Amino acid sequence: MPRRVRPRSVTVTALAAAGLLSAANGALTGVGSAAPGPAVPPDTQASASVSVHCPFADPLGPRALTVESTATLPAQAKTGTSATIGAYSAKLSIPRDVALSFLPAGATTGSLRGAVQLDLAVHQDDRSDRVPVPLVVAPTPLPETGDVVLTATGTVPEIAINTIGAVSFDVTEPTLTLEAVPAPDAPPATTAPPKVACTLDEGQKTTLGKVLVLPKVTPGTKQKQSAALGDVTTMDEEPPPNVYTQPLGLVSILTRSTVKKLGATVVSDPSILVNGFINVNIDTGDSWVTGSTAFSPVTAAFLGFGFVPVSATVEFLPVEYETQRMIDFTGNLYTDPVTELPSLHADLRVMARMSHAEINGVPLDLGADCMTKEPVHLVLDGPYEAFGDGHVSTEPNGGFTLPGFKGCGTGGQDLNPLLDGMSSGPGNQAYADTYNLFGCTEPDPKDCPTNSQPPAPGSQSAAAKKAAAKPR
Numbered sequence: 000m001p002r003r004v005r006p007r008s009v010t011v012t013a014l015a016a017a018g019l020l021s022a023a024n025g026a027l028t029g030v031g032s033a034a035p036g037p038a039v040p041p042d043t044q045a046s047a048s049v050s051v052h053c054p055f056a057d058p059l060g061p062r063a064l065t066v067e068s069t070a071t072l073p074a075q076a077k078t079g080t081s082a083t084i085g086a087y088s089a090k091l092s093i094p095r096d097v098a099l100s101f102l103p104a105g106a107t108t109g110s111l112r113g114a115v116q117l118d119l120a121v122h123q124d125d126r127s128d129r130v131p132v133p134l135v136v137a138p139t140p141l142p143e144t145g146d147v148v149l150t151a152t153g154t155v156p157e158i159a160i161n162t163i164g165a166v167s168f169d170v171t172e173p174t175l176t177l178e179a180v181p182a183p184d185a186p187p188a189t190t191a192p193p194k195v196a197c198t199l200d201e202g203q204k205t206t207l208g209k210v211l212v213l214p215k216v217t218p219g220t221k222q223k224q225s226a227a228l229g230d231v232t233t234m235d236e237e238p239p240p241n242v243y244t245q246p247l248g249l250v251s252i253l254t255r256s257t258v259k260k261l262g263a264t265v266v267s268d269p270s271i272l273v274n275g276f277i278n279v280n281i282d283t284g285d286s287w288v289t290g291s292t293a294f295s296p297v298t299a300a301f302l303g304f305g306f307v308p309v310s311a312t313v314e315f316l317p318v319e320y321e322t323q324r325m326i327d328f329t330g331n332l333y334t335d336p337v338t339e340l341p342s343l344h345a346d347l348r349v350m351a352r353m354s355h356a357e358i359n360g361v362p363l364d365l366g367a368d369c370m371t372k373e374p375v376h377l378v379l380d381g382p383y384e385a386f387g388d389g390h391v392s393t394e395p396n397g398g399f400t401l402p403g404f405k406g407c408g409t410g411g412q413d414l415n416p417l418l419d420g421m422s423s424g425p426g427n428q429a430y431a432d433t434y435n436l437f438g439c440t441e442p443d444p445k446d447c448p449t450n451s452q453p454p455a456p457g458s459q460s461a462a463a464k465k466a467a468a469k470p471r
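Residues 0 to 471 in numbering that gives the first Met the number 0 are what the sequence shown spells out, letter by letter.
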């Protein structure tokens, strides 16, 4: 006898969500003596090599130089504390004829000394400040032949960073002040050595490094209570009339997601479809598939902001996660008018919970209820065969937007804006591949007989190959 079922709210795929960045209001930096933060994790070595043009006096004229800057940067800091940049140096090679021009007329040996003045450009998003960095060139003898390599060293003032997120430090154009080291019995100079203001060549990378700034813990603050989820679809609708249902076989679901801001791809562990049915309304001819699944938490690792090693555990839950653990889904079946292939359309919603985050190997406590503050809305389409395989994604519909987060942080730390800034936003993609394991009744896919397993990673089903071959 046909079984009647109720269509239920849906979700069949997962998203990848993790990360940490937000822009905050107020000035970006201040030069001062704020108390230093904890010295963990250790400092990182940073370097930048830039090309400049320096207008030396006639008859020498403008010359191209390369300036190689190195420094140690803290891997991370906290707002209200100072970021200390250490061991700053700038090395540059001066053409021999330019170096000789600073010596007394006719001299071919001697030493140069002087200074290099430049700024560190400190910026985040559209805000920036400059921190002056004076460097000293110690007396350097000219070699017998070839160019003269000068190394300028100095101390960068402590920088109090009043923002949250990834802060970049870029080198800027240097100003050179060079002169010959006078002989011990030479009279004092009556004029100051000339300054040569160089300019950076355009179209080159100038970033020395980045520092991740975390929020300062405010003692005594309380976590905000989790906001209401909003409207939740109820299950009170009457079952549709004349619906014929047929059970599906053992279906394996493989999911993959990309988060644009992170440049990361997260692959979830395979899950199994429970109570999968294909449903046909005899009166209208409409058909759809229903079922439930659950995804195991997965640990994702990536480079936050392109340079910070970050890992976090992501768990995908139903909208009604407070009362149930299984994710119910419904997908409508149709024939694609272009490819003429059987296809599936699913309008899905899923919550994401974050936990067990680490930045540079240092644990970051997100708390027990770090969630997306609203469901992630996924609209998927693609070729699908109820008793074969399916390959649906958000690509045909422009991807999905990852919402902001709520309830993230403990002990007075509000980490919601950090997660929002790094990962939340549009342009993400979700993919779900389903495989009906023919003739297999084993709960573990590894125990299924040959020819009932999903294809190897990277391979395509016949339906997917047909879809790819057809023009759109």
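For every residue, glycine included, the Cβ atom is placed at its ideal position computed from N, Cα and C. Every value quoted in this text rests on a predicted model; they were computed, and no experiment measured them.
*Might you give, ordered along the chain, the residues of its own chain that have their beta carbon closer than 6 Å to the beta carbon of S286, omitting 5 neighbours on each side?*
These residues qualify, in order along the chain: V279 and L332.
*Where do the N-terminal and C-terminal ends of the alpha helix (DSSP H) with V97 fall, by residue?*
Note, V97: alpha helix (DSSP H), R95 to S100.
*Do V49 and G177 come within 8 Å of each other at the CB atom, strictly closer than that value?*
The sequence given here has Leu at residue 177, not Gly. Their beta carbons are not under 8 Å apart, which means L177 does not touch V49 by this criterion.
*Three-state secondary structure assigned by DSSP to L365*: In this structure, L365 counts as coil in the three-state DSSP scheme.
*asked:* Taking 8 Å as the threshold (C-beta atoms), are L401 and V375 in contact?
replied: Going by C-beta atoms, V375 is nearer than 8 Å to L401.
_In DSSP terms, what R255 is bridged to_ = Paired residues: V266 and Y430.
*Spatial neighbours of V231 within its chain, please: CB distance less than 7 Å, with the 5 preceding and 5 following residues excluded, ordered by chain position.*
A caution first: V231 carries a pLDDT of 34, below 50, which makes its placement in the model unreliable, though a value can still be read off. For V231, where only same-chain residues beyond five positions count, the Cβ hits under 7 Å are V318 and E319.
*Since I271 contacts S251 with CB under 8 Å, what's their CB separation in whole angstroms?*
I271 to S251, Cβ: 6 Å. Contact.
*Out of V115, V313 and D346, point me to the one whose CA is closest to D327's CA.*
Considering only alpha carbons, the answer is D346.
*Beta-carbon proximity check, F399 vs L377, cutoff 8 Å*: Going by C-beta atoms, F399 is nearer than 8 Å to L377.
*DSSP state of M234, grouped into three classes?*
For M234, the pLDDT reaches just 36, beneath the cut-off of 50, and the residue's location in the model is therefore unreliable, leaving the point undetermined.
*Report the residue ranges of all beta strand (DSSP E) runs contained in full by the stretch 40-67; include only those spanning at least 3 residues, in chain order.*
Listed in chain order, they are 43-55.
*Pick out whichever of V132, N359 and T393 has its Cα sitting closest to the Cα of P73.*
Minimum Cα distance to P73 is reached at N359.
*asked:* Need the endpoints of the beta strand (DSSP E) that S310 sits in, please.
replied: Its beta strand (DSSP E) spans residues V307 to L316.
*Consult DSSP for L414 and reduce its assignment to one of helix, strand or coil.*
L414 falls in the coil class under three-state DSSP.
*Measure from the alpha carbon of S88 to the alpha carbon of each residue in L59, G290, R95 and A137, then state which is nearest.*
Nearest of L59, G290, R95 and A137 to S88, Cα basis: A137.
*Using three-state DSSP, classify N472 as helix, strand or coil.*
Residue 472 lies beyond the residue range present for the chain, which begins at 0 and ends at 471; the question has no answer from this structure.
*Write down the C-beta distance between V273 and G290 rounded to the nearest angstrom, noting that I regard them as a contact closer than 8 Å.*
Indeed they touch by this definition, with Cβ atoms about 6 Å apart.
*8 Å Cβ cutoff met for L111 and T139*: Between L111 and T139, the CB-CB gap stays under 8 Å.
*Span separating the alpha-carbon of S81 from that of E201*: Looking at the two C-alpha atoms, the distance is approximately 32 Å.
*Can you say whether T322 is buried or exposed, counting buried as having 16 or more other CB atoms within 10 angstroms of its CB?*
Under a 10 Å Cβ-count criterion, T322 is classified as exposed, with fewer than 16 other Cβ atoms of the shown protein chains found around its own Cβ.
*Exposed or buried, L302, counting other C-beta atoms within 10 Å across all chains shown (16 or more means buried)?*
When all chains shown are included, L302 counts as exposed.
*On the DSSP bridge assignment, give the partners of P296 in chain order.*
DSSP, once it has assigned bridges, lists no residue as partnering P296.
*asked:* Can you look up D282 in the DSSP assignment and give me helix, strand or coil?
replied: Three-state DSSP puts D282 in coil, outside helix and strand.
*Is D388 closer than 8 Å to T433 when the C-beta atoms are compared?*
Yes, they are a contact pair.
*Starting from V391, follow the beta strand (DSSP E) in both directions and report where the run begins and ends.*
Per DSSP, V391 belongs to the beta strand (DSSP E) from D388 to S392.
*Check each candidate in A351, K204, A356 and I281 and name the one with the smallest Cα separation from A311.*
Looking at the Cα atoms, A356 is the closest of the given residues.
_Presumed contact (8 Å Cβ cut-off) between L253 and G275, rounded CB distance_ = Between the beta-carbon of L253 and that of G275 there is about 15 Å, and that puts the pair past the 8 Å contact cut.
*DSSP three-state call for N359: helix, strand or coil?*
Here N359 sits in coil by DSSP.
*Quick one: which unbroken alpha helix (DSSP H) runs of 4-plus residues sit fully inside the stretch 91-167? Chain order, please.*
Within the stretch 91-167, the alpha helix (DSSP H) runs of at least 4 residues that lie entirely inside it are, in chain order, 95-100.
*asked:* What does the alpha-carbon distance come out to for the pair Q245 and I281?
replied: Answer to the nearest angstrom: the Cα atoms are 13 Å apart.
*asked:* Could you give the first and the last residue of the continuous beta strand (DSSP E) run that contains Y383?
replied: Neither: Y383 is in no beta strand (DSSP E) and is coded neither H nor E.
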